[in-house]
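Whatever position you read off the sequence shown (first residue = 1), add 925 for this note's numbering. These notes concern the structure reproduced below.
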Amino acid sequence: FGVDRLVKRNDDAVDATIINGKVVYKKGDYFPEDLGHAKGYGRFLENRYVEERELIVDTQPASA
Numbered sequence: 926f927g928v929d930r931l932v933k934r935n936d937d938a939v940d941a942t943i944i945n946g947k948v949v950y951k952k953g954d955y956f957p958e959d960l961g962h963a964k965g966y967g968r969f970l971e972n973r974y975v976e977e978r979e980l981i982v983d984t985q986p987a988s989a
């Protein structure tokens with residue numbers, strides 16, 4: 926999508942995410958309907974630093 930996220934969440938690592946006292950995620954795919962539309966959840970923090978990445982091309986077939 927062309928968006929670098931500041932926080933990369935692993936759904937199995939947390940039971941819930943709370944922003945400004947409001948539950949915005951609960952394990953089991955719960956997200957409030959007004960998330961991203963209503964005020965009070967805070968604001969998006971843009972990641973201004975992106976590390977350079979090296980492309981690694983592996984020409985060998987994977988083995989099991």
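Glycine residues also receive a C-beta, built at the ideal position from the N, C-alpha and C atoms.
If you draw a straight line from the Cα of Arg-978 to the Cα of Asn-935, it comes to about 22 Å. Look at the beta carbons and you see the stretch 965-975 touching the stretch 945-954: at least three pairs across the two are nearer than 8 Å.
The DSSP-derived three-state label of Ala-941 is strand.
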